[in-house]
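Just so we're aligned, residue 0 is where the sequence shown starts under numbering that gives the first Met the number 0, counting upward by one. The C-beta atom is built at its ideal place from N, Cα and C for all residues, glycine as well.
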Amino acid sequence: MKRLFKILLLAVGVLSFSACNDFLDIDPSDKYDYKDFFKDVSHVDMAVAGAYNKVNELYMRNMSVWINTGTDELLRSINTRNENITKFEYDSFDPDLKRIWNTSYSGISRCNDVIYNLSLDRPIEDLTDEARNASLGDAYLVRGLLYLNLVRMFEHIPLRTEPYGDLSENLDQRNLPNSPANEVYDVILSDFKQAAKLLPSEASALGRGNKSVAYGMLARAYLNLAGVRTNGGNVGIDECYRQVVVACDSVDAENVHSLLPEYSEVFLNQIKGIKSETESMWEVVFNVTSNINLGGNIGTYNGPKSNLSGTNEAGSSGATFVTVKHTELYDQESDSRFDWNCADWWIRYREANNPQYYPTYITDSLRWYPAKWRRGSPNVIGYEDGEPIESIEFLENGFILRSHTSINFPLLRYSDVLLMRAEANNELNGPSSALMDLDRVRNRAGLKSLESELSEKGIFVDKEILRNELMDERSRELCYEGHRRFDLVRWGKLESTMRDLSNYMRTNPFLGFGNDDIFLATPGENVDKKHVVFPIPQDEMMLNKNIKQHPLW
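Written out as structure tokens, the structure is:
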């Protein structure tokens, strides 16, 4: 089959991809004709890096920040900007949705190229069987991730698993119709299973997959398939839950991942560029190396606002606020995650000519900031008249830019594996088989076991109570990591949750909600039944004669 590659674009993509390890130290200057491609191991590495580059593009901002804003975790802090997906004001012309769609399918196309070429029975110079399997496994893993995002966002989508041939000979390859969500999930499950077979037990480089990651993503796919939009698909709801447990057990069987002792350590590692895959199983790798490679935006849009004096300082636009509903989920005295995730402060300086940075504390509980990936943190440096003197300790290492960071974004953490298994076990068998996993997450945060806590209040833990507790626990543990919107949709709670949030802000007399706060209530007042899915972008509707818009749109 004739192969088409966008070689120049791929080379540029690899250039912008982080060069923090050997896998990514690829010379992007060479231009390969498709007839020469996949002839040696460097071509394979370049192609796999090109697929991962599309994941970086997606998670630089859209899938890491905006898709999770406009939930009961985060709200947009500015009313006059775009990012309409955060306010439920989007339609099929939305530019962010167009970028997500196009970037995802570009990544899928690159994965298809890798899968096709590495599945051929022909030698590739200097490529060992182990390296072939790992590269093939990464392609299946990334394709599964991209399709999982697309099916959860748009549901019925074109399903492409073969590489493009010569479009001049077969234009129908461009005009693929929608495939039902159930069929898309069948491919996703197959991709993650293939990845689990092919990938090594330990990832060959930071940011690449291993068997545990594939099993964890398989569990996520089954858990979403069991949700109210797909009701178990071609698998069945109970069988989906059983397979979640099996996949999570397989993660444990690999004996690679566990919880770190301190919750904050997970994110300090990401902020400081410390390689650690103990708990953070799979990350999107960002690395600012110069003004050419600008890294990502983690910690800028979703971090405490910074009022800085120069351009090469760790800044943040403060583009998102933590919702008051989210802050109230925590036991604020005992849960160590509260102070780490929720900031009642922002960063400013005392003098323009001789800046000394210090935290300014916020009295308005509607305007707290997310602080999971804080670029700086309050630090007591002394005392005056018995009162602490505070400064800001900046946390990042390496090349610092004001609006870009080298902070990695977690795609999968071990605590998520524990919570997925707890949820599935509760749905299958009730609390008895689920509490241990939940309590491991709670105990790390400094909390008692759930049974002990509730028994003191005279409450017996049953299936419904635990189901609701797990919904809250996922937000406490995994907030801002891109899960909340998808969780609310699969539970059938997106519309009601957002309406409740807006009503709570408007009617709670202790919050002091006023005219300056009205925009914070906008998402909950705009949300509608159709917002459980996104509309297929209008450009795709115009270009693809066989595709149909989602019935809700």
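- Separation of the CB atoms of GLY302 and PRO369 is rounded to 7 Å, and the pair is thereby assigned contact status at 8 Å.
- DSSP links ASN177 through a beta bridge to PRO157.
- Nearest to ARG473 by C-alpha distance, out of ARG420, ASN525, TYR240 and SER432, is ARG420.
- With contacts defined as CB atoms closer than 8 Å, ILE107 and ASN61 fail to qualify as a contacting pair.
- Around the beta carbon of GLU327, a 10 Å sphere encloses fewer than 16 other beta carbons of the protein chains shown; the residue is thus reported as exposed.
- Per the C-alpha coordinates, the member of PHE320, SER257, ASN230 and LEU267 positioned closest to LYS304 is PHE320.
- Within a 10 Å sphere around the beta-carbon of LEU293 sit 16 or more other beta-carbons, which makes this residue buried.
- By alpha-carbon distance to THR404, the top candidate from GLU524, LEU411, PHE393 and GLU332 is PHE393.
- Taking the Cα of ALA138 as reference, the smallest distance to any Cα among LYS456, MET45, ARG75 and VAL183 is reached at MET45.
- Cβ neighbours of SER103 within its own chain (closer than 6 Å, five residues either side excluded): LEU145 and LEU149.
- Checking the DSSP bridge columns, you'll see SER448 has no partner listed.
- An exposed status is given to ASP461, since fewer than 16 other beta-carbon atoms sit within 10 Å of its beta-carbon.
- When DSSP states are grouped into helix, strand and coil, CYS341 belongs to the strand group.
- Counting along the chain, ARG412 sits inside the beta strand (DSSP E) bounded by residues 408 to 412.
- Ranking THR127, TYR184 and TYR262 by CA distance to the CA of SER335 puts TYR262 first.
- Distances from the alpha-carbon of HIS155 to those of VAL244, PRO534, MET541 and LEU542 put PRO534 closest.
- When only Cα atoms are considered, ILE361 and PHE509 end up about 15 Å apart.
- In this structure, LEU258 is the residue among ASP190, LEU258 and ILE187 with its C-alpha nearest to the C-alpha of ASP436.
- The C-alpha of GLU276 lies about 15 Å from the C-alpha of PHE285.
- Within the DSSP secondary-structure output, GLY295 pairs in a beta bridge with THR404.
- For MET59, there is no enclosing alpha helix (DSSP H), as DSSP marks it with neither H nor E.
- Between the stretch 190 to 198 and the stretch 210 to 218 there are three or more inter-stretch CB-CB distances shorter than 8 Å, so the stretches are counted as touching.
- SER432: not part of any alpha helix (DSSP H); DSSP gives it neither H nor E.
- Per DSSP, the continuous beta strand (DSSP E) segment holding ILE388 begins and ends at 386 to 393.
- Bounds of the alpha helix (DSSP H) holding VAL212 are 210 to 224.
- Annotation for VAL64: TYR300 and ASN301 place their beta carbon closer than 6 Å to its own, counting only its chain and skipping 5 residues before and after.
- In the three-state scheme derived from DSSP, where H, G and I count as helix and E and B as strand, GLY523 is classed as helix.
- Around the beta carbon of ILE458, a 10 Å sphere encloses fewer than 16 other beta carbons of the protein chains shown; the residue is thus reported as exposed.
- The C-beta of ASN545 has fewer than 16 other C-beta atoms within 10 Å across all chains shown, which makes the residue exposed.
- In this structure, the alpha-carbon of ILE114 lies about 23 Å from that of TYR58.
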